[in-house]
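Asks: Quick one: structure below, then a few questions.
2 protein chains.
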Amino acid sequence: MPMNTIEAKPTEVETSGADTNGLREETLDPRDWEAFRGAAHRMLDRMIEFQRTARDQAAWRAVSPELERRYGEGAPQAGEGLERVLEDFETLVLPYPTGLHHPRWWGWAGGTGTATGMLSEMLAAGLNSIPGNFNDGAARVEQQLMQWMKWAMGFPAESGGIVLSGGSVANLVGLAVARDEVTGVDVREGGVAASAERLVLYASSEVHSSVFKSARLLGLGREAVRVIGVDEAYRMRVGELASRIEADRRAGLRPFAVVGTAGTINTGTIDDLDGLADVASRHGLWFHVDGAFGAMAMLSPETRALVSGLSRADSLAFDFHKWMYVNYEAGCVLIRDAAAQRRTFSGSADYLKPLERGTGSWPDIAGGRGPQLSRGFKALKVWMMLKEHGFEKFGRLVAQNVRQARFLAHLVDTSPILERMAPVQLNVVAFRATQAGADPERLDAVNRELLMRLQERGIAIPSGTLLSGRFVLRACICNHRSVRADFIAFVEAAERLAQELLSEKP
Amino acid sequence: MPMNTIEAKPTEVETSGADTNGLREETLDPRDWEAFRGAAHRMLDRMIEFQRTARDQAAWRAVSPELERRYGEGAPQAGEGLERVLEDFETLVLPYPTGLHHPRWWGWAGGTGTATGMLSEMLAAGLNSIPGNFNDGAARVEQQLMQWMKWAMGFPAESGGIVLSGGSVANLVGLAVARDEVTGVDVREGGVAASAERLVLYASSEVHSSVFKSARLLGLGREAVRVIGVDEAYRMRVGELASRIEADRRAGLRPFAVVGTAGTINTGTIDDLDGLADVASRHGLWFHVDGAFGAMAMLSPETRALVSGLSRADSLAFDFHKWMYVNYEAGCVLIRDAAAQRRTFSGSADYLKPLERGTGSWPDIAGGRGPQLSRGFKALKVWMMLKEHGFEKFGRLVAQNVRQARFLAHLVDTSPILERMAPVQLNVVAFRATQAGADPERLDAVNRELLMRLQERGIAIPSGTLLSGRFVLRACICNHRSVRADFIAFVEAAERLAQELLSEKP
Numbered sequence: 088m089p090m091n092t093i094e095a096k097p098t099e100v101e102t103s104g105a106d107t108n109g110l111r112e113e114t115l116d117p118r119d120w121e122a123f124r125g126a127a128h129r130m131l132d133r134m135i136e137f138q139r140t141a142r143d144q145a146a147w148r149a150v151s152p153e154l155e156r157r158y159g160e161g162a163p164q165a166g167e168g169l170e171r172v173l174e175d176f177e178t179l180v181l182p183y184p185t186g187l188h189h190p191r192w193w194g195w196a197g198g199t200g201t202a203t204g205m206l207s208e209m210l211a212a213g214l215n216s217i218p219g220n221f222n223d224g225a226a227r228v229e230q231q232l233m234q235w236m237k238w239a240m241g242f243p244a245e246s247g248g249i250v251l252s253g254g255s256v257a258n259l260v261g262l263a264v265a266r267d268e269v270t271g272v273d274v275r276e277g278g279v280a281a282s283a284e285r286l287v288l289y290a291s292s293e294v295h296s297s298v299f300k301s302a303r304l305l306g307l308g309r310e311a312v313r314v315i316g317v318d319e320a321y322r323m324r325v326g327e328l329a330s331r332i333e334a335d336r337r338a339g340l341r342p343f344a345v346v347g348t349a350g351t352i353n354t355g356t357i358d359d360l361d362g363l364a365d366v367a368s369r370h371g372l373w374f375h376v377d378g379a380f381g382a383m384a385m386l387s388p389e390t391r392a393l394v395s396g397l398s399r400a401d402s403l404a405f406d407f408h409k410w411m412y413v414n415y416e417a418g419c420v421l422i423r424d425a426a427a428q429r430r431t432f433s434g435s436a437d438y439l440k441p442l443e444r445g446t447g448s449w450p451d452i453a454g455g456r457g458p459q460l461s462r463g464f465k466a467l468k469v470w471m472m473l474k475e476h477g478f479e480k481f482g483r484l485v486a487q488n489v490r491q492a493r494f495l496a497h498l499v500d501t502s503p504i505l506e507r508m509a510p511v512q513l514n515v516v517a518f519r520a521t522q523a524g525a526d527p528e529r530l531d532a533v534n535r536e537l538l539m540r541l542q543e544r545g546i547a548i549p550s551g552t553l554l555s556g557r558f559v560l561r562a563c564i565c566n567h568r569s570v571r572a573d574f575i576a577f578v579e580a581a582e583r584l585a586q587e588l589l590s591e592k593p
Numbered sequence: 088m089p090m091n092t093i094e095a096k097p098t099e100v101e102t103s104g105a106d107t108n109g110l111r112e113e114t115l116d117p118r119d120w121e122a123f124r125g126a127a128h129r130m131l132d133r134m135i136e137f138q139r140t141a142r143d144q145a146a147w148r149a150v151s152p153e154l155e156r157r158y159g160e161g162a163p164q165a166g167e168g169l170e171r172v173l174e175d176f177e178t179l180v181l182p183y184p185t186g187l188h189h190p191r192w193w194g195w196a197g198g199t200g201t202a203t204g205m206l207s208e209m210l211a212a213g214l215n216s217i218p219g220n221f222n223d224g225a226a227r228v229e230q231q232l233m234q235w236m237k238w239a240m241g242f243p244a245e246s247g248g249i250v251l252s253g254g255s256v257a258n259l260v261g262l263a264v265a266r267d268e269v270t271g272v273d274v275r276e277g278g279v280a281a282s283a284e285r286l287v288l289y290a291s292s293e294v295h296s297s298v299f300k301s302a303r304l305l306g307l308g309r310e311a312v313r314v315i316g317v318d319e320a321y322r323m324r325v326g327e328l329a330s331r332i333e334a335d336r337r338a339g340l341r342p343f344a345v346v347g348t349a350g351t352i353n354t355g356t357i358d359d360l361d362g363l364a365d366v367a368s369r370h371g372l373w374f375h376v377d378g379a380f381g382a383m384a385m386l387s388p389e390t391r392a393l394v395s396g397l398s399r400a401d402s403l404a405f406d407f408h409k410w411m412y413v414n415y416e417a418g419c420v421l422i423r424d425a426a427a428q429r430r431t432f433s434g435s436a437d438y439l440k441p442l443e444r445g446t447g448s449w450p451d452i453a454g455g456r457g458p459q460l461s462r463g464f465k466a467l468k469v470w471m472m473l474k475e476h477g478f479e480k481f482g483r484l485v486a487q488n489v490r491q492a493r494f495l496a497h498l499v500d501t502s503p504i505l506e507r508m509a510p511v512q513l514n515v516v517a518f519r520a521t522q523a524g525a526d527p528e529r530l531d532a533v534n535r536e537l538l539m540r541l542q543e544r545g546i547a548i549p550s551g552t553l554l555s556g557r558f559v560l561r562a563c564i565c566n567h568r569s570v571r572a573d574f575i576a577f578v579e580a581a582e583r584l585a586q587e588l589l590s591e592k593p
């Protein structure tokens, strides 16, 4: 039936592959599938070797200056074909990985990744499934994974949960739901301005930077994060928290959430989660736990007691790509009140209304449970790794990394030139090179240089931070490839380099 | 040097693979790399075949009820090994894809994915690189890709840009920076409450649901989105926008942004972007464009004029995984004022301070330019696909899909039983089955049933929406595998099924 329209009419009906207005129909599919197959198998072998030989590689390598020009090349107009692209991958990308796959990556809080994770990502991308919005296998796999994670974290089966990009967004989601639920006004419709009182939340001075970022994104402002001091083990002072909440209330502010940390980035410290849960409960506040890596202490009977109270959280953020060793990226947030999660995120777009049957018949769509609408099938790699190895093995690996941290601490403690800078509570060891009577500024400079040389020489990748204003090195061990010999080799090299640096003229 | 500590001391120094406190050191690496290699190559072949034979597959298939129990199995305690996991993948996942890979997927606004994209994801996961925070190849690849996209979208080379999960978060980021920049108060520190006047933004009634979601997340509230009416082609009425802004100003509100849409989800409509840019500029408002799929009209000389004004945006959101056919997930936001982007997102965590050399010596870290800190290497697949095929081919494919939409519209227009429900401006065709004198409610029911049967029988995957309150089917063509014969087969099947439904007793 005709309708007035602005478009040109095609002149005739044609069949597959035929001319369209004088142009042959094109596709991004390989012209020659056998050639593609050959190239793909070759690259698969290349990457399996990359993983298998990780220990033989330099932990880090600087991009050669001659190559920098290549990364500056302008937008490709005509295609150069797959073979040339793969050559460029081997020249420009493969020799310069971040280094997370390496047995001596202990920087920041990054996980190793696995060969199975690599395979899973190939499968997920080949399927090109978007889990959670459609009636398909991917939605069910993600749902099953969420049930497993609720079980592992001691959350009720009816809690809400979603796979997302990582801890930063998981914190954002938890705090968004907190903000919308606890304030007693309709923030969802009226915004933060609907609250007559200024909304504030509480976290320790060691809290992850994404909590400040979340406060800014959520329209609360950075000042809304009330920073509570820490004790000598870098744990939030529970008494100070309680009195600060009371003082803020008296001052006419509206406290709504307490953020506890399971595994601070600097020292791997676990807050007194039970103590924080008690305070939050007593004051009617939302209890959010940032367990980016530390939540995985739940997986081992050896470490579970350290995160006692974690299961009392109203929302829990954690990463799969840190201490579950999953290839980047994949994180998760669990929300005890699944309906609250939907209230914050669900919309009412006509084109998203579920039907009774067919592709669009998945009832509880993921777009109504988090910031994204479409999401890649990140759940598959976690699901496959968990099924392959089982939760118990992940627990043993977590315990193994904790034992390795203690071993590294022991090596530092018995070193004539290294000193430890914080207690080891979990999997983080903070230390530095030292010298009796050395100027503090000079020690900072020496340790910065030590860190850079350890990386530049490809020995290992710890990272740096400040503790009490002093520069320290830290190793955060979320690595299933590390063995004791790696720590021994690392400490020997660090001692040697530190000795060199300390004997140089300042 | 010793320090008081709570941990146990290891008793002796051991070598690689040796006992650790009586437990052998474990890893997630394959015990037998050759067995892994065999399994991986087999699965690679399986997925290449899955892609190559996409047209022979049902477009959708319901999960068999016997399998549902399997998806409900509890958390695996012991591992079942890779072979069993791969069997489960073949039973539970592979037969039930979302369907985006299929030549007759035209649902919602999903892109096809490619074989090269699949290969790239394997490479990215194997590397396990996190682009943008470290001095590595991945950071440079992403930076290069951003330069290409700024060029393609007509943005200045010094603009900011970041690869992120997709359009929803890209809209969130654009509007976050808008909120923080335009209001004249320090929202970043003091929150939305720092503005004495209520902050409001403007979008059409056809705007994507993520704009409402963003307004809620940003603490502005859903009511902050002032909804402007559309004309008969579903374009925002520019005159109404201007007068609404003026009225709101008079009423003491604080307008800060106009959101234009390039490619509405229901009808593929492109707002009068030049007209909106003029109004935004005249009133000193931020101009954000949601170009989730429609921004790709920039890639072809045949369609570029349709999005005239897009390059004037202060921020532009678009997806790679829609009309650039990239495997899920990958989107992008470009921000004209790169410093403003950093002001909204950068923090000051001690452990993130760049050093001069080594792994941590990348200056402009991605964590300071978007909501995530760590991100997977999504840029690689886009970079590889663009290098393989070149921008010109992507332009030809966009134009091809537009021609296919016109062809489909022609088939509908010449059908005795189908009618078109909106003009075709880009790549979206809205239509329904009709019958002279039929009751509107009955027509809605017939068309819902028609949509479900088309999917259930595996014929094709259009999706449904409401236009002027009536249920319609829509095809949004972001598919590099579709050929004319697919549309002919689809329309024939739709006519047959519609005839059956309309001749059934109501």
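From first to last, the protein sequence lines are chains A and Y.
Just so you know, we're using the working numbering here: the first sequence kicks off at 88 and counts up by one.
Just so you know, we're using the working numbering here: the second sequence kicks off at 88 and counts up by one.
The C-beta atom is built at its ideal place from N, Cα and C for all residues, glycine as well.
Note that the structure is a prediction, hence the values are computed from the model and not measured.
#1: Tell me the rounded alpha-carbon separation between MET508 of chain A and GLU582 of chain A.
#2: Would you list the one or two residues that DSSP bridges to LEU403 of chain A?
#3: I'd like the span of the alpha helix (DSSP H) that includes TYR321 of chain Y, first residue to last.
#4: Would a check of beta-carbon distances place HIS476 of chain Y closer than 8 Å to chain A?
#5: Could you have a look at LEU397 of chain A and say whether DSSP puts it in helix, strand or coil?
#6: Taking three-plus beta-carbon pairs below 8 Å as touching, is the region 470-477 of chain A in contact with the region 246-260 of chain A?
#7: Between which two residues does the beta strand (DSSP E) containing PHE558 of chain A stretch?
#8: List the residues of chain Y whose Cβ lies closer than 9 Å to the Cβ of SER151 of chain A, in chain order.
#9: Under 8 Å Cβ to Cβ from VAL469 of chain A, same chain only, skipping five residues before and after it: list those, please.
#10: Rounded to a whole number of angstroms, what is the C-alpha to C-alpha distance between GLY482 of chain Y and PRO243 of chain Y?
#11: Look up GLY272 of chain A in the DSSP assignment and say whether it is helix, strand or coil.
#12: What's the call for ASP119 of chain A, buried or exposed, on a 16-neighbour Cβ count within 10 Å?
#13: What's the call for GLN164 of chain Y, buried or exposed, on a 16-neighbour Cβ count within 10 Å?
#14: Is the CB of ASP116 of chain Y under 8 Å away from at least one CB in chain A?
#15: Nearest to HIS375 of chain A by alpha carbon, out of A:SER330, A:THR351 and A:ALA400?
#16: Considering only C-alpha positions, which residue in the set Y:ASP273, Y:PRO182, Y:HIS189 and Y:GLU174 is nearest to ASP594 of chain Y?
#17: In chain order, what residues of the region 239-268 of chain A put their CB closer than 7 Å to some CB of chain Y?
#18: What span of residues does the alpha helix (DSSP H) with PRO152 of chain A cover, start to end?
#19: Could you check if ASP223 of chain A is buried or exposed, using at least 16 other CB atoms within 10 Å of its CB as the buried criterion?
#20: Could you give the DSSP three-state label for PRO342 of chain A: helix, strand or coil?
#21: Please identify the residue among Y:ARG171, Y:GLY350 and Y:TRP373 whose C-alpha is closest to the C-alpha of LYS409 of chain Y.
#22: Between LEU505 of chain Y and GLU536 of chain Y, what straight-line distance do the alpha-carbon atoms span, to the nearest angstrom?
#23: To the nearest angstrom, report how far apart VAL264 of chain A and PHE343 of chain A are at their CA atoms.
#24: How would you list, in chain order, the residues of chain Y whose beta-carbon sits under 7 Å from the beta-carbon of TYR289 of chain A?
#25: Of all the options A:ALA585, A:PRO388, A:ARG111 and A:GLN487, which has the alpha carbon lying nearest to the alpha carbon of LEU530 of chain A?
#26: The alpha helix (DSSP H) spanning PHE518 of chain A covers which residue range?
#27: Looking at ASN258 of chain Y: is its Cβ nearer than 8 Å to the Cβ of ASP377 of chain Y?
#28: Let's see if you can read the secondary structure: which residues bound the alpha helix (DSSP H) around VAL595 of chain Y?
#29: Return no unless some Cβ of chain B is closer than 8 Å to the Cβ of ASN534 of chain A.
#30: Skipping 5 residues on each side, what residues in its chain have a beta carbon closer than 7 Å to that of ALA145 of chain Y?
#31: How many angstroms separate the CA atom of GLY447 of chain A from the CA atom of THR199 of chain Y?
#32: Would you mind telling me which residues of chain Y sit closer than 8 Å to LEU340 of chain A, beta carbon to beta carbon, in chain order?
#33: Report yes if the CB atom of TRP238 of chain Y is closer than 8 Å to the CB atom of ILE548 of chain Y, and no otherwise.
#34: Could you give the distance in angstroms between the alpha-carbon of VAL172 of chain A and the alpha-carbon of LEU262 of chain A?
#35: Just to make sure I have the definition right: I need the residues of chain Y whose C-beta is within less than 8 Å of the C-beta of GLU174 of chain A. Which are they?
#36: Taking DSSP as the reference, what is the three-state secondary structure of ILE504 of chain Y?
Replies: Checking against the coordinates, here is how it stands:
#1: Stepping through the first sequence from its first residue, residue 508 of chain A is reached at position 421. Stepping through the first sequence from its first residue, residue 582 of chain A is reached at position 495. Straight-line Cα distance between these residues: approximately 16 Å.
#2: Within the first sequence, numbered from 1, the residue matching residue 403 of chain A stands at position 316. Answer is A:VAL376 and A:LEU421.
#3: Position 234 of the second sequence, counting from 1, holds the residue named residue 321 of chain Y. Here TYR321 of chain Y belongs to no alpha helix (DSSP H), and DSSP marks it neither H nor E.
#4: Within the second sequence, residue 476 of chain Y is the residue found at index 389, counting from 1. Yes, HIS476 of chain Y lies at the interface with chain A (some Cβ there is under 8 Å from its Cβ).
#5: Within the first sequence, numbered from 1, the residue matching residue 397 of chain A stands at position 310. DSSP places LEU397 of chain A in helix when its eight states are reduced to three.
#6: no
#7: The residue labelled residue 558 of chain A in the question sits at position 471 within the first sequence. Counting along the chain, the beta strand (DSSP E) containing PHE558 of chain A begins and ends at 557-563.
#8: Start at 1 with the first residue of the first sequence, and residue 151 of chain A comes out as number 64. Those within 9 Å of SER151 of chain A in chain Y number zero; the least Cβ separation is about 11 Å.
#9: If you number the first sequence from 1, residue 469 of chain A lands on position 382. LEU232, VAL250, PHE407, MET411, VAL413 and ALA417.
#10: Numbered from 1 along the second sequence, position 395 holds the residue referred to as residue 482 of chain Y. Numbered from 1 along the second sequence, position 156 holds the residue referred to as residue 243 of chain Y. Rounded to whole angstroms, GLY482 of chain Y to PRO243 of chain Y spans 21 Å at the Cα level.
#11: On the first sequence, residue 272 of chain A is found 185 positions in, with the first residue counted as 1. Contrary to the premise, residue 272 of chain A reads as Val rather than Gly in this sequence. Correct three-state label for VAL272 of chain A: coil.
#12: If you number the first sequence from 1, residue 119 of chain A lands on position 32. Exposed, since its Cβ has fewer than 16 Cβ neighbours within 10 Å.
#13: What you label residue 164 of chain Y is simply residue 77 of the second sequence in a count that begins at 1. It counts as exposed.
#14: Here residue 116 of chain Y refers to the residue found at position 29 when the second sequence is read from its first residue. Yes, ASP116 of chain Y lies at the interface with chain A (some Cβ there is under 8 Å from its Cβ).
#15: Here residue 375 of chain A refers to the residue found at position 288 when the first sequence is read from its first residue. The shortest C-alpha separation from HIS375 of chain A is found at A:ALA400.
#16: Outside the shown range of chain Y, which is 88 to 593, sits residue 594 of chain Y, and nothing can be said about it.
#17: ALA239, SER252, GLY253, SER255, VAL256, LEU259 and ALA263
#18: Numbered from 1 along the first sequence, position 65 holds the residue referred to as residue 152 of chain A. It spans 152-158 - the alpha helix (DSSP H) in which PRO152 of chain A sits, taken as one unbroken run.
#19: Locating residue 223 of chain A in the first sequence gives position 136, where the first residue counts as 1. So ASP223 of chain A ends up on the buried side.
#20: Your numbering for residue 342 of chain A matches position 255 in the first sequence. In this structure, PRO342 of chain A counts as strand in the three-state DSSP scheme.
#21: To locate residue 409 of chain Y, count along the second sequence from 1; it is residue 322. Of Y:ARG171, Y:GLY350 and Y:TRP373, the residue nearest in Cα terms is Y:GLY350.
#22: If you number the second sequence from 1, residue 505 of chain Y lands on position 418. If you number the second sequence from 1, residue 536 of chain Y lands on position 449. Each residue's alpha carbon lies about 14 Å from the other.
#23: Walking along the first sequence from the start, residue 264 of chain A turns up at place 177. Walking along the first sequence from the start, residue 343 of chain A turns up at place 256. Going by the C-alpha atoms only, they are around 11 Å apart.
#24: Taking the first residue of the first sequence as 1, we reach residue 289 of chain A at position 202. Going along chain Y, no residue has its Cβ under 7 Å from TYR289 of chain A, so there is no contact; the nearest lies around 16 Å.
#25: Start at 1 with the first residue of the first sequence, and residue 530 of chain A comes out as number 443. Out of A:ALA585, A:PRO388, A:ARG111 and A:GLN487, A:ALA585 has the C-alpha closest to the C-alpha of LEU530 of chain A.
#26: For the purposes of this step, residue 518 of chain A is identified with residue 431 of the first sequence, where counting begins at 1. Note, PHE518 of chain A: premise wrong, no alpha helix (DSSP H); beta strand (DSSP E) at 515-520.
#27: Start at 1 with the first residue of the second sequence, and residue 258 of chain Y comes out as number 171. Start at 1 with the first residue of the second sequence, and residue 377 of chain Y comes out as number 290. In this structure, ASP377 of chain Y lies closer than 8 Å to ASN258 of chain Y by Cβ.
#28: Shown here, chain Y extends from 88 to 593; a query on residue 595 of chain Y therefore has no answer.
#29: Included in the structure are the protein chains A and Y, with no chain B among them.
#30: To locate residue 145 of chain Y, count along the second sequence from 1; it is residue 58. Closer than 7 Å at Cβ, skipping near neighbours: GLY545.
#31: Here residue 447 of chain A is taken as the residue at index 360 of the first sequence, counted from 1. Here residue 199 of chain Y is taken as the residue at index 112 of the second sequence, counted from 1. When rounded, the distance between both Cα atoms is 17 Å.
#32: Translated into the one-based positions of the first sequence, residue 340 of chain A becomes position 253. Result: empty, since nearest Cβ-Cβ is about 11 Å, beyond 8 Å.
#33: Taking the second sequence and counting its residues from 1, one reaches residue 238 of chain Y at position 151. Taking the second sequence and counting its residues from 1, one reaches residue 548 of chain Y at position 461. No; because the gap between Cβ atoms is not below 8 Å, this pair is not in contact.
#34: Position 85 of the first sequence, counting from 1, holds the residue named residue 172 of chain A. Position 175 of the first sequence, counting from 1, holds the residue named residue 262 of chain A. If I take the Cα positions, the gap works out to 43 Å.
#35: Start at 1 with the first residue of the first sequence, and residue 174 of chain A comes out as number 87. Chain Y residues near GLU174 of chain A: none, gap ~10 Å exceeds 8 Å.
#36: Here residue 504 of chain Y refers to the residue found at position 417 when the second sequence is read from its first residue. Three-state DSSP puts ILE504 of chain Y in coil, outside helix and strand.
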